[in-house]
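Trainee: Starting off with a structure, shown below.
Numbering (the UniProt record's numbering), first residue to last: 1 to 291.
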């Protein structure tokens, strides 16, 4: 059944009135203080002035008079709505950490980010979302941000991810990645030497934004994104000590006399061209005995 709700003192039935429909079938009765209820068309069991029963199917129609809220309140509503959406959306840092895959090649508990997951997370949209959390900018600054975004996606995905893992957000994130761009540092310059060993601090790690702790985090986190890609056409690799290998050990056999380990490993599909499993021989260099 259809019921019209008119405000008290509203015009007579013959005059034009604007109404807005609401589906209120779940309500047992009209809200308290509701204005007069009038049936628009003959409805069995409902008299003029009566409210529909809780079991009846009905639509509440209210006068469509618009209430104009002050501009400041509307802007506050939009701001609170944005905050609510951001609170529900995982941060880029959270997305990156959730995508880590464990490496079980050695005793150290380490994890890495497969290359396909990096490309799926660091996109034009995700970078823009990270930058949209900064205050509104001018049109010229907007063009500069778009240019920076293009550079990140094409040449500095890993650097951008590392900065997020270091905890940089909003304006600090934008300033830091732009500083790398201005100093001509992109992914091809990785890995960077431990910044704490560079005295005085370099231009890409200005203080006080880069504390000693943050420098340590940068150095450690970069290895999660610098995992090598192996191929069946290459048989020997010269890898740095801190590199993370995308392996899961299946079997191992040690030879103490030869100071080496031979291991059959499973390689992550993102990091093994035409490879699924292969054998790795690790040479162990024993320190010289002291005399």
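Built from N, CA and C at the ideal position, the CB exists for glycine as well.
Mapping the DSSP letters down to three states, classify residue 142 as helix, strand or coil.
Mentor: Residue state, collapsed to three classes: helix.
Trainee: Can the beta-carbon of residue 122 be found closer than 8 Å to that of residue 112?
Mentor: The answer is no: Cβ separation not under 8 Å.
Trainee: Express the C-alpha separation of residue 223 and residue 194 in angstroms, rounding to a whole number.
Mentor: Taking the straight line from one Cα to the other gives about 12 Å.
Trainee: In terms of alpha-carbon separation, which member of 153, 247, 228, 146 lies closest to residue 104?
Mentor: Per the Cα distances, 247.
Trainee: Can you tell me where the alpha helix (DSSP H) with residue 101 in it begins and where it stops?
Mentor: Taken as a continuous stretch (DSSP letters only), residue 101 belongs to no alpha helix (DSSP H), being part of the beta strand (DSSP E) at 101-103.
Trainee: Please return the same chain residues whose Cβ sits closer than 7 Å to the Cβ of residue 126, not counting the five positions on each side in sequence.
Mentor: The answer, listed in chain order, is 92.
Trainee: Among the residues of its own chain, which have a CB less than 8 Å from the CB of residue 226, if the five just before and after it don't count?
Mentor: 158, 190, 191, 243, 244, listed in sequence order.
Trainee: Starting from the Cα of residue 264, find the closest Cα among 106, 204, 175 and give me that residue.
Mentor: Comparing Cα positions, the closest option is 106.
Trainee: For residue 175, is the classification buried or exposed, using 16 other Cβ atoms within 10 angstroms of its Cβ as the cut-off for buried?
Mentor: Exposed.
Trainee: Return the first residue and the last residue of the alpha helix (DSSP H) that residue 115 is part of.
Mentor: Its alpha helix (DSSP H) spans residues 115-121.
Trainee: Return the CA-CA distance between residue 119 and residue 215, expressed in angstroms with no decimal places.
Mentor: Distance between the alpha carbons of residue 119 and residue 215: 25 Å.
Trainee: Distance check for residue 138 and residue 229, CA to CA, integer angstroms please.
Mentor: If you take the alpha carbons of residue 229 and residue 138, they lie about 42 Å apart.
Trainee: Looking at residue 164 and residue 96, is the spacing between their C-beta atoms short of 8 Å?
Mentor: Yes.
Trainee: What does a CB cutoff of less than 7 Å around residue 205 pick up in its chain, not counting 5 residues either side in sequence?
Mentor: Here the set comprises 195, 215.
Trainee: Tell me residue 112's beta-bridge partners as DSSP assigns them.
Mentor: Answer is 101, bridged to residue 112.
Trainee: If you follow the alpha helix (DSSP H) that residue 172 is part of, which residue opens it and which one closes it?
Mentor: It spans 170-182 - the alpha helix (DSSP H) in which residue 172 sits, taken as one unbroken run.
Trainee: Would you mind working out which of 130, 153, 166, 183 sits nearest residue 209, comparing C-alpha positions?
Mentor: That would be 166, whose Cα lies nearest to the Cα of residue 209.
Trainee: What's the call for residue 207, buried or exposed, on a 16-neighbour Cβ count within 10 Å?
Mentor: Label assigned to residue 207: exposed.
Trainee: Return helix, strand or coil for residue 243, following the three-state DSSP convention.
Mentor: Reduced to three states, the DSSP call for residue 243 is coil.
Trainee: By DSSP, does residue 232 sit in helix, in strand, or in coil?
Mentor: Coil, per DSSP.
Trainee: Based on the DSSP output, what are the partners of residue 197 in its beta bridges?
Mentor: Answer is none; residue 197 lacks a bridge partner.
Trainee: In chain order, what residues of the same chain have a beta carbon less than 7 Å from the beta carbon of residue 109, not counting five sequence neighbours either side?
Mentor: Result list for residue 109: empty, nothing under 7 Å.
Trainee: Quickly, what does DSSP pair residue 267 with across the bridge? List them, please.
Mentor: DSSP lists 247 as partners of residue 267.
Trainee: Give the straight-line distance between the Cα atoms of residue 233 and residue 239, rounded to the nearest whole angstrom.
Mentor: Taking the straight line from one Cα to the other gives about 17 Å.
Trainee: For residue 272, write down the residues that DSSP places opposite it in a beta bridge.
Mentor: BP columns for residue 272 point to 230.
Trainee: Indicate whether at least one CB of chain B lies closer than 8 Å to the CB of residue 127.
Mentor: Going by chain labels, chain B is absent from the structure shown, which holds only one protein chain.
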